[in-house]
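Numbering (the UniProt record's numbering), first residue to last: 1 to 273. Built from N, CA and C at the ideal position, the CB exists for glycine as well. See structure below.
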Amino acid sequence: MLVRVMRRLGEVVVVAPNSPQSGMGHAITIGSSLRLDPSTIFPGIEAYECSGTPADCVKLAKHMVLKDRQPDLVVSGINHGSNSSVNVLYSGTMSAAIEAAIEGLPAIGFSLCDYGHQADFSHTEEWVEHITRQALENGIPVGTALNVNFPKKQEQPIAGAKLCRQARAKWAEEFDVRLDPHKRPYYWLIGNFVNEDQGEDTDEYALSQNYISIVPCQFDLTALHGLTQMNEQWQLSLDGAEPKAKVATKKATSPQPAQLAKSTPAAKKAAKK
1 MLVRVMRRLG EVVVVAPNSP QSGMGHAITI GSSLRLDPST IFPGIEAYEC
51 SGTPADCVKL AKHMVLKDRQ PDLVVSGINH GSNSSVNVLY SGTMSAAIEA
101 AIEGLPAIGF SLCDYGHQAD FSHTEEWVEH ITRQALENGI PVGTALNVNF
151 PKKQEQPIAG AKLCRQARAK WAEEFDVRLD PHKRPYYWLI GNFVNEDQGE
201 DTDEYALSQN YISIVPCQFD LTALHGLTQM NEQWQLSLDG AEPKAKVATK
251 KATSPQPAQL AKSTPAAKKA AKK
């Protein structure tokens, strides 16, 4: 469906993994070869299947497939499952989008908060097109990738879309201990998602109200509040003679690419998961 929508907006190039990549995060391939083969899965569209990770796909798309062309937008998804809150850190879908942001390209990762085998994606199509048009016409901030999550399809239509912050939630991890045929133990990750963030400005709250959540994400992971606190409390001199560490924290900015390519009415899809 994502390819179909992008095709309505402009020229499309697809570079996608050739196998499932759920939970892959931002892994890249550095100790083995990468394969990039032409694909005919989308008739009439330039497409390639990659043996690597979602982040690998973006790197190959940018530096090999599109080395003489600059994509106007990178889109990734639609992921079959939620990438809201802390899930963004584990997500191959969002890592593709964030890799694009690192490369200086505007990017969006789309996900549907439904893990069911018969998940219905039909209610997302018009919104994918609308959000993508907004990105092309109005731009995405430099060094930013949008994390877009759709609520599971309900009887009532989607209530709308909201710009949100990421909820402070996490997985309460558990491991189920099992035995293989040789009676050796192995472990199966299970657990529950716990959201104790009651803020009504979060992605989790928006999704619970049948809204689409849109969270602008960046690749600079600096904890500025940590810099401020440590600057006041830590003594970094071995002999204690020097004043405490001084770190410039006011109006700090992320180390971002100098300038994004100007958006045009064409959407070139450089990566798809």
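Collapsed DSSP secondary structure at residue i in the structure displayed
i, result
"A266", "Note that A266 scores 38 on pLDDT, short of 50, meaning its location in the model is unreliable and no value can be drawn from it."
"residue 279", "Outside the displayed range of the chain (1 to 273) lies residue 279, so it cannot be described from this structure."
"C164", "coil"
"A252", "Confidence in A252 is poor, its pLDDT being 48 and thus under 50, which makes the residue's placement unreliable; the coordinate value appears in the next sentence. In this structure, A252 counts as coil in the three-state DSSP scheme."
"H26", "coil"
"A83", "Note that residue 83 corresponds to Asn in the displayed sequence, not to Ala. Of the three classes helix, strand and coil, the one that applies to N83 here is coil, per DSSP."
"residue 277", "With the chain covering 1 to 273 only, the question about residue 277 has no answer from this structure."
"V12", "coil"
"P257", "For P257, the predicted model reports a pLDDT of 41, less than 50, meaning its position is unreliable; a value from the coordinates is still stated below. Three-state DSSP puts P257 in coil, outside helix and strand."
"residue 302", "A question about residue 302 goes unanswered here, because the residues of the chain that appear run from 1 up to 273."
"L236", "coil"
"L66", "coil"
"R4", "helix"
Delimiting residues of the beta strand (DSSP E) encompassing residue i
i, result
"D37", "36-38"
"Y48", "46-50"
Boundaries (first-last residue) of the alpha helix (DSSP H) holding residue i
i, result
"G226", "224-233"
"L112", "First-last for L112: 107-112, but that is the beta strand (DSSP E), not the alpha helix (DSSP H)."
"P54", "54-60"
Nearest candidate by alpha-carbon position, reference residue i, set the options
i, options, result
"C50", "A172, G44, F175, I28", "I28"
"Q218", "L9, V142, D37, P38", "V142"
"A97", "T202, H123, Y187, V148", "V148"
"T144", "A100, Q118, Q156", "A100"
"S19", "R35, I30, L9", "R35"
"L207", "Q154, N138, D220", "Q154"
"S122", "L9, M94, P151", "P151"
"L189", "Y90, V177, D197, Q198", "V177"
"Y90", "S22, A61, D201, Q198", "S22"
"E173", "I108, G116, Y187", "Y187"
"L60", "G92, G199, V88, A16", "A16"
"S84", "G240, P216, S237, L227", "P216"
"T202", "I158, A107, R168, S32", "R168"
"K170", "T132, E126, M64, V88", "V88"
"L66", "I108, E11, I78", "E11"
"R7", "P157, I30, V128, T228", "V128"
"V109", "T132, E126, Q118", "In the sequence on display, residue 109 carries Gly and not Val. Measuring from the Cα of G109, the nearest candidate turns out to be T132."
"S213", "V3, L112, G104", "L112"
"L2", "G116, E126, G92", "E126"
"L146", "L227, L105, I158", "L105"
"D197", "Q166, L179, L221", "Q166"
"H63", "S237, E103, V86, E204", "E103"
Exercise. Just checking, does the segment 168-184 make contact with the segment 73-83 on the three C-beta pairs under 8 Å criterion?
Worked result: no
Practice prompt. For the segment 185-200 and the segment 226-235, state whether three or more C-beta atom pairs, one from each stretch, are separated by less than 8 Å.
Written response: no
Worksheet item: What residue ranges within the segment 152-227 form continuous beta strand (DSSP E) runs of no fewer than 3 residues, ordered along the chain?
Response: 160-163, 169-179, 185-195, 211-218
### Contiguous beta strand (DSSP E) assignments of at least 3 residues, all confined to the segment 115-150
144-150
Q) Is the segment 17-33 close to the segment 52-63, with three or more CB pairs under 8 Å? A) yes
Q) Does the count of Cβ pairs from the segment 196-216 and the segment 155-172 closer than 8 Å reach three? A) yes
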